[in-house]
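**Q**
Protein chains in written order, with our numbering: chain B, 1 to 314; chain S, 315 to 628; chain Z, 629 to 942; chain G, 943 to 1256.
Okay, here's the thing in structure tokens:
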């Protein structure tokens, strides 16, 4: 029995990066056809054009901040929906080619940024080794495999892929950085069902350039008990001082409080783009106690009461 | 063909007061059985107990303020709904018994309050006449008819009823005071249909004695574009500092913005009593420009959009 | 050494009412010359015209609500300040003329309202006695003293004043009603010093008839951590729908948070009348936890920080 | 008489970039010693360590958004103040080495990003020329001057510096992009005096991770009539979901409304960093009508009124 063809997933390449690791953390990726793309827009466009069924791209990093290119590529163009999120710690492997002893490491291939984050470990364990800059950590692993350097600082998945020997894993600086990745898909059918620990992502284009517009937007969420977890202004490209807002909030569009808040933003914003409701990676209950009167049951009771007022008692 | 029995309307008596005039301004009152009651609670209870089909009572006066006894009698007890409002100017007739010339008027029977309001006219036209205080303006007219005084300051309806000669009508002080009356009925069937110039009346019991509760209540109305036209705090009887709020707002419960706001208050207040949606007496468009995104069409579009998000595109 | 002349205090009469009892609860009343007045405006005008140094008047009752005449008389006319508040339980004495045994009581003189509140006690202890209505409870006591009735329901102070025998004191219905009285004085010098349990009273005339004006007013208080304890709308007399707001809030004008909030209301309202900062009668700490950043020390630190920004570091 | 030594200004290099052009637009730059730095943090640290008197760095671009490295470098470390802002259009010069005719241009040296923005012009005027990527537009000009390519796409200042012949200036894509640069200095003395078209920059660290914290922050600004012109969330590095906010608002700390708002944020935020009050580059009046009651005169009147309440009338 043939079954469905395996899914095709694009991701921000090259192979062996943390983004590939994020993608491979999905059960459905094990049998999938994975397609590395050179840029985030290229990965998303592969989905838009039907060449891929989903695209894994980085959205934000707990130290670096939002990935602007991802926010912008999701905010415009053919609409896509976020169906999943994956959060990975930024923890590197330091790996050598088989046969190279630590004391023989003279060159380390990686991107300078990663090098900086593990400098403490390198100073202690591989003192005196020089940096050979590469465009990505995965490229560093490849260069080591090809003999161009002695050791790489890379994602664990890259060490594995290039057959390197891992000297140390989980090497990172003091900040315990994490990166959040999202899987974007074409809209088709309902979003994934609510789990109780969901997130909803939006892009809001504010109607007027008036001072209180953002305050009003936040009030629409707050009065309905919808907590904001991320807000990021992005230029609309129409001039300094013209922004849209990339927003994450707690809850699922299927919940009454979120649905009512989204309808309110749809009405009061110039434009509102829905980027999906999907389970949060931490699968934890909401951080903030829910405001009185905003549970699903209370919403349904309130709506039913108004309906009775409208039709009148029997 | 016999048809329905004529309606029975209670009102705050005695006969000949402005409240009766307000009631008689309703077309349906022409064939109705009218029942004067000695107090507002008595009139409302006549409706509650099925002895009357409606009760006309004063709610507020533009100079005196709210009629506390009416607010309180509507806020507790078996629920009633306001089905109509009537606004009357506080303008008095000065009337004498037939055969009495103005120059012969020595005594004027009325309530002291009315006497004070027309003192200017009296000083000019009936100088030297003494006040004979009566419990109501209608009582003053009755006393004049019975020969106990020479002239009355009363509602025009009382002069008519007691066969007096009107020396002057539309006598009032500089403030152009108005009184607003409401017709309360038993809940049965839907409220009167929306007209485009409706009012909705509520009593909100605030959940927590916390400082921001009133602010939150007003925010629930404001974000949905529902304008407040009257707010009155009334003690709940549970101690100083414990209040409920008697509220009038623009709009009709059948409108999405009002329905959503009422559902929100129902959820977030300790208790919310709906006192009806009914046409405003001024039949004028709303005073304040509607906030962006709060029209009926925008509400329906927003809700439809969210529904599409939930079910997914075809 | 002669010293100051004794203070002269007006109050809402007649003698022997709860208002006199409230006034006599002030230490300074013991040597004062007390002046009963027939109305609240008369008592306040006695102060305005220099005939009295203060006037004790009722402001609100936990069951009846605000005393509209007091609110209105304080809101307009020559400004007065509230210097003290007194809260008294509404608990009556039932008293007879000496020599009358309970079983001989046939008539009870009091205002009907008070009679209603103690009906339970009367039914049990003085069954069958008829009500003789009087304009005030104090009048009831006087009538009994003069032999016109057998028993009075009155303030304890009236029984004492008229030499009656108290059958029962602290008689009241289930609601434990309280009345709050205030002592109004002419503005001269600073308000009484802050105690830590102060109240500030205001009358706010809203600038525009716009829907959000009350919301904005409450926001000005809330952002500065000033809790509202009473808000009452009163007609301005300019037509239905035109109100001012009589407001009590926690705190003293000498506190930075209150001062800043009052300045904000002064700027944003059409008019703002300050009615005084004075100790709350309950002398209790504030009911609501203070919002972060609104203590006196935090206000002073914030202002000092801004001052440093303005002048620049050394 | 020798006078002061010339100022020393650091800037984001290399020489010949738009940042240098922004710096040279300042009158004080004409006699200054200019120090190109390889990174924004290096330029700011030169000021912090006293090696430079100011540093010009890019803050945001109307198409690309904020320059995260600038926001982050200003948000932490030894405090700096923004003393000036400069806004430049992103408009390129296309320039050749003297003696090269347009029809002989085969290679174009620039950063790929600039190449993409002027592709329309190149396709029309220099068809067939290949891109030679360089790390900056200024490097492209240098490469052309040294004979390594035929034409450069660069800032006008770079063409001038390297003695190139400008084929076209003001070449840009349809978006009319602008970049905003700021001059950061060490705090010493007061900020530049208010001009009437000032901006104030802040970094706010929100006290609690509670949902309404951003809403409260915006409310503190809004009630005082301080308009937000930019808000950007940046990770604090303490984990996903932990942000600080980089904020620009209209007005000057010397104004009462701004000073009061800053004091409020200082009190209610976990930390607040003041980044300066300085003239807006557009020198235009504020975009939004000022909220009632927030002018400087109204603030002073309100404060004076409260002061009179506190001390009492004479």
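Note that beta-carbon positions come from the ideal geometry of N, C-alpha and C, so glycine has one too.
Predicted, not measured: the structure shown is a model, and the values here were computed from it.
1) Can you grab the Cα-Cα spacing for the pair residue 768(Z) / residue 554(S), in whole Å?
2) What is the DSSP secondary structure of residue 1250(G), reduced to helix, strand or coil?
3) For residue 359(S), is the classification buried or exposed, using 16 other Cβ atoms within 10 angstroms of its Cβ as the cut-off for buried?
4) So, with DSSP's three-state summary, where would you put residue 552(S)?
5) Pull up the CB-CB distance for residue 943(Z) and residue 813(Z), whole angstroms please, since I reckon it's below 8 Å.
6) Out of 1195(G), 1157(G) and 1189(G), which has the shortest C-alpha to C-alpha gap to residue 1139(G)?
7) With a cut-off of 9 Å, does the C-beta of residue 215(B) fall near any C-beta of chain G?
8) Okay, do the region 744-751 of chain Z and the region 797-807 of chain Z touch, 3+ Cβ pairs below 8 Å being the bar?
9) State the Cα-Cα distance for the pair residue 958(G) and residue 1145(G), rounded to the nearest angstrom.
10) At a threshold of 8 Å, does residue 758(Z) count as lining the ligand GDP (C-beta to nearest heavy atom)?
11) Mind pulling the chain B residues with CB within less than 9 Å of residue 576(S)?
12) Please report whether the beta-carbon of residue 1185(G) lies at a distance below 9 Å from any beta-carbon of chain B.
13) Starting from the beta carbon of residue 1196(G), find every residue of chain Z whose beta carbon is closer than 7 Å, and list them in chain order.
14) Classify residue 1141(G): buried if its beta carbon has 16 or more other beta carbons within 10 angstroms, exposed otherwise.
15) Since residue 214(B) contacts residue 1170(G) with CB under 8 Å, what's their CB separation in whole angstroms?
16) Can you list, in chain order, the residues of its chain with a C-beta nearer than 7 Å to that of residue 578(S)? Leave out the 5 residues immediately preceding and following it.
17) I need the DSSP call for residue 770(Z), collapsed to helix, strand or coil.
18) List, in order along the chain, the chain Z residues whose C-beta lies closer than 7 Å to that of residue 431(S)?
19) Does any residue of chain G have a CB that is nearer than 9 Å to the CB of residue 874(Z)?
20) How far does the alpha helix (DSSP H) with residue 431(S) in it reach, from first residue to last?
21) For a cutoff of 9 Å on Cβ pairs, would you count residue 219(B) as touching chain G?
22) So is residue 77(B) buried or exposed if we call it buried at 16+ other beta carbons inside 10 Å?
23) Starting from the beta carbon of residue 892(G), find every residue of chain B whose beta carbon is closer than 8 Å, and list them in chain order.
24) For the region 697-724 of chain Z, which residues have a beta carbon sitting closer than 7 Å to at least one beta carbon of chain S?
25) Determine the burial state of residue 853(Z): buried for a count of at least 16 other Cβ atoms within 10 Å of its Cβ, exposed for fewer.
26) Cβ of residue 1171(G) less than 9 Å from any chain B Cβ?
27) Could you name the residues of chain S that residue 223(B) contacts, counting a contact when the two beta carbons are closer than 8 Å?
28) Name, please, each residue of chain Z whose Cβ falls closer than 8 Å to the Cβ of residue 549(S).
29) Does DSSP put residue 633(Z) in a helix, a strand or coil?
30) So, for residue 1067(G): in the same chain, excluding its five sequence neighbours on each side, which residues have a beta-carbon less than 8 Å away from its beta-carbon?
31) Return the CA-CA distance between residue 1218(G) and residue 1174(G), expressed in angstroms with no decimal places.
32) Quick one: does residue 489(S) have its CB under 9 Å from some CB of chain Z?
33) For a cutoff of 9 Å on Cβ pairs, would you count residue 833(Z) as touching chain G?
34) Using DSSP's beta-bridge definition, name the partner residues of residue 232(B).
35) Note down, in chain order, every chain D residue with its Cβ under 8 Å from the Cβ of residue 1122(G).
36) If we define contact as Cβ-Cβ less than 9 Å, is residue 510(S) a contact residue for chain Z?
**A** Judging by the given coordinates:
1) 27 Å
2) helix
3) By the neighbour-count criterion, in which a residue is buried when 16 or more other Cβ atoms sit within 10 angstroms of its Cβ, residue 359(S) is buried.
4) If DSSP states are grouped into helix, strand and coil, residue 552(S) belongs with coil.
5) Past the boundaries of the shown model lies residue 943(Z); chain Z is included only from 629 to 942, so the question cannot be answered.
6) 1195(G)
7) For residue 215(B), the closest Cβ of chain G is nearer than 9 Å.
8) yes
9) 31 Å
10) Ligands are entirely absent from the displayed structure, and the ligand GDP is therefore not among its contents.
11) 302, 305, 306 and 309
12) yes
13) Ordered by position in chain Z, the residues that pass the 7 Å Cβ test against residue 1196(G) are 938.
14) buried
15) 7 Å
16) 534
17) helix
18) Under the 7 Å cutoff, chain Z gives no residues; its nearest Cβ is about 12 Å from residue 431(S).
19) no
20) 426-431
21) yes
22) exposed
23) What is shown of chain G runs 943 to 1256, which leaves residue 892(G) out entirely.
24) 715
25) buried
26) So yes, residue 1171(G) belongs to the interface.
27) 530, 533, 534, 537 and 578
28) 688, 689, 690, 691, 692 and 693
29) coil
30) 1036, 1044, 1109 and 1110
31) 17 Å
32) True, the Cβ-Cβ gap to chain Z drops below 9 Å.
33) Output row for residue 833(Z): interface = no.
34) 246(B), per the DSSP bridge assignment.
35) No chain D appears in this structure, whose protein chains are B, S, Z and G.
36) No, no contact with chain Z.
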